[in-house]
Amino acid sequence: MSKLQRTAKQFQDGWISFLRVLARNSKIKFVIRPNVRPCTDGKVAYLPSLPANLTEEDLILFKRWGYHEVGHIMHSDVPFFQEFSMEHGAFAGLLLNAVDDVYMEYAQTRSSRRSERFFRQGAAIMFDRGMFRDGSQSPQEAFASYTLCFLRSRRWSEYQQPLAAVRKNFDAHFGEHADQVRENLETILLAEYPSVRSTQDAGDLTLRLIEMLKQQRDQQDEQPQEEPEDDNSEGDEGDDQDDQQSSQGDDESNQEDDQTSDNGQGQGQKVDQEPTNGDTGGQGSDDGKAEDESDSKADGQGAPGEDDADANNQSENAQGDSQGQNGVDLAELIEQMLSSNGGDDSEVLDMDKVIQQLATSIQNGTNPDYQDAAPVPAFEVEPSDVENQPSLGAGTVKDLVEGMLVCPADKEHARELADALDRKVNVLATKLQAYLLNREEADVYSTRRGSLGQSHLYRAGMGDSRIFERKEETVLPTAAVSVLADLSSSTSWVDPSVLATLAKAKAKAIAAGEAINEKEYEVQTVAKSIQQSLLIMEKVFHRIDTPREFLGFAPKTGHLNTVVRTFGDSHQNAVDRIGGLDSITGGNHTPIGEAVFQAAQRLASHPAQRKLMFVLTDGAPSCATLATEQTALAVDAGIKVVYLLIGNEVRKDWLEEAGIPYAVAATADDVGPALLEQAKQLLM
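Each residue of the sequence shown is one higher than the one before, starting from -19 at the first, in the working numbering.
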């Protein structure tokens, strides 16, 4: 695979093309703007601008975000979720989101099989980068995260490792109660989650889990705090009395041995400790003390201080009340969870935050993978195909197409422009036809007459007379064309000396009594030459039935771009709108870079085999750097870009420095030969 093919495939697999496919399938509009936060209202999704080419992992995360957001819009009940959170609290909303996310993504995988790949790979990347909520912040986060990871891990192995991390934090929050709470949680999920078929069902399951927590809290409140200690102490006292009676003789013999082995009695004994049940001392060396302690423990006897130490050791290992391993009061903990005000309780896997962090790091220059990358200009993606077949009648295109103003129509001015054209259109169309069209054979089909088909002879034995085959040749377009027209005020500029010269000549003719032809004294501006050139190209491409789209940039309406013709517009609508360009020409800037990007990302989505872009301008962009970058990106996407510089004074230095193909035409009469020459070089 060549470099051009590889870069074109990267563009076709990139996030911009992905958004077009996603918008077409989900009927959702995407709006990309600088410095906006990812959000959606159910019909329109807003995104921050990102570089055209993302790294492999970031592209996976972006596609995961896309499928995730579309899944919520298509399968989740967003109003119900909002009402549920307001009625039952922030923790209930977080838990509902965890349950609904599992249901929604599984439903999305049934709608789009490719989405499962990005759900799983994206989750693994998020876990590796530490971009998911592992339950370390709060018990409610641990509970919701464990719910999501437990359900997902039963089908997707990528959640096994995160589940272990969440379980660790779950145990840390719930302490000695973790096993019991987790067991109840898993039991309910295994029993009731298979019946979840909607967000409402997920809400019922959420309330069931919250009810389980409340029952745990109430059971904890009903148990007296000191009751376990009293029971244990009474049992210990009874055992001590039995042990004292059954092993008194052994104790006396052991005490005699201790007295003979120890050097001195009572030296290490504390003031408040007194010998009991015949213990007459034995508080000598450390060894003797250890033996006394072990003996007294075995017999159920010992000093009060030793009993306190034993109780402390037992409470550190395991204890049923709130003063257990981590000192967790389950009732208080659950009450804290149920009454939490939310804080950062958003989604467990917050994809909006992932995209926002990526855009912010790129904008701040802190992302090492995008040091020299610049975000793309603002644009919109509507839920429709760019390769729509031409539609008849007016009004098929609304006022805006993907945020671009639709050019007004002017039939009278279009007729004036057409009258100025001669047979050059027919000549140019005939010559371009050899470059833009390709004669191919149609699929072979079987018939009852024609040439004998070797692969159909078996039908003769079956009584089928369709043993012949036919071929038909058809002319198919192999190139889609996008044309950009400069509508900035610089194209309407006229040298004052030229106007003065024409005025003097006109006055002289009037003084001489000559008949005046106003057209002879009109100044041929670059703007008018561009309009005539567009009309020529529209008629030529219509003759040879080439898919085409015309966009104008820098209209005086304040928009960046204006739509003259989409791929789905009829020829007559395009001609009328070309006539209306004169009414919106005169913008105060020349955004060639933004226009090339907008046209390129639309043209790249067209299924045509070859893609051409012609930019008609005087060659003076507002930002030559951006224009060069966007032209290079278009070329990387497999689009061949040619600049047609129209006028006597054009700027071409930045084109020469970047090595971008261009041709110079003084007027519209010179556009035909220049277009023909460039098409020959690009397509042959």
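Backbone N, C-alpha and C define an ideal beta-carbon position, used for all residues, glycine too.
Alpha-carbon to alpha-carbon, residue j and residue i
i      : j       : result
Leu2   : Thr346  : 30 Å
Asn628 : Pro527  : 31 Å
Ala646 : Arg0    : 38 Å
Leu39  : Gln343  : 17 Å
Gln512 : Phe10   : 35 Å
Leu193 : Val161  : 8 Å
Leu128 : Leu187  : 15 Å
Ile640 : Cys19   : 38 Å
Thr667 : Lys484  : The displayed coordinates of the chain run from -19 to 664. Any statement about residue 667 would go beyond what the structure contains.
Pro348 : Ile314  : 43 Å
Leu408 : Ser563  : 28 Å
Asp301 : Tyr350  : The predicted position of Asp301 is uncertain, since its pLDDT is 41 and thus under 50; no value can be drawn from it.
Tyr670 : Asp466  : No answer is possible for residue 670: the residues shown for the chain start at -19 and end at 664.
Ser29  : Gly433  : 57 Å
Asp151 : Thr611  : 56 Å
Lys277 : Gly155  : Since pLDDT at Lys277 reaches only 39, below the 50 mark, its modelled position is unreliable, and the value read off the structure follows with that caveat. Distance between the alpha carbons of Lys277 and Gly155: 29 Å.
Ala614 : Ala604  : 15 Å
Phe71  : Glu362  : 36 Å
Arg134 : Asn149  : 20 Å
Leu482 : Ala489  : 11 Å
Ala32  : Gly(-6) : 7 Å
Leu185 : Glu360  : 39 Å
Host beta strand (DSSP E) of residue i (start-end)
i      : result
Thr35  : First-last for Thr35: undefined, no H or E at that position.
Ala25  : Val24 to Pro28
Gly532 : Arg528 to Phe533
Lys9   : Lys9 to Arg13
Glu360 : Phe359 to Val361
Ala643 : Tyr642 to Ala645
Environment of residue i [buried if 16+ CB atoms lie within 10 Å]
i      : result
Ile496 : exposed
Ile619 : buried
Asp330 : buried
Lys391 : exposed
Gln195 : exposed
Val630 : buried
Pro571 : buried
Ser585 : buried
Per-residue DSSP class, three states only, for residue i
i        : result
Leu74    : helix
Lys411   : helix
Asp598   : coil
Thr505   : coil
Asn541   : strand
Phe448   : strand
Lys333   : helix
Met106   : helix
Phe123   : helix
Ala584   : coil
Arg590   : strand
Thr20    : strand
Gly155   : helix
Val386   : strand
Val146   : helix
Leu(-16) : Summary for Leu(-16): the model assigns pLDDT 46, below 50, so the residue's position carries little reliability; its value from the coordinates is reported in the next sentence. Helix.
Val79    : helix
Val176   : coil
Val381   : strand
Trp473   : coil
Lys536   : coil
Gln351   : coil
Gln117   : coil
Thr167   : helix
Glu327   : coil
Ser563   : helix
Ile558   : helix
Bounding residues of the alpha helix (DSSP H) (the contiguous stretch that carries residue i)
i       : result
Thr567  : Residue identity differs from the one stated: residue 567 is Gly in this sequence, not Thr. Premise fails: Gly567 is in no alpha helix (DSSP H) and is neither H nor E.
Asp399  : Lys391 to Asp399
Ala465  : Taken as a continuous stretch (DSSP letters only), Ala465 belongs to no alpha helix (DSSP H), being part of the beta strand (DSSP E) at Ala459 to Asp466.
Ile626  : No alpha helix (DSSP H) contains Ile626, which is instead part of the beta strand (DSSP E) from Ile619 to Ile626.
Trp136  : No alpha helix (DSSP H) contains Trp136, which DSSP labels as neither H nor E.
Glu609  : Ala604 to Asp616
Asp633  : Asp633 to Ala638
Leu(-1) : Trp(-5) to Ser6
Val58   : Val58 to His68
Ile314  : Leu310 to Leu318
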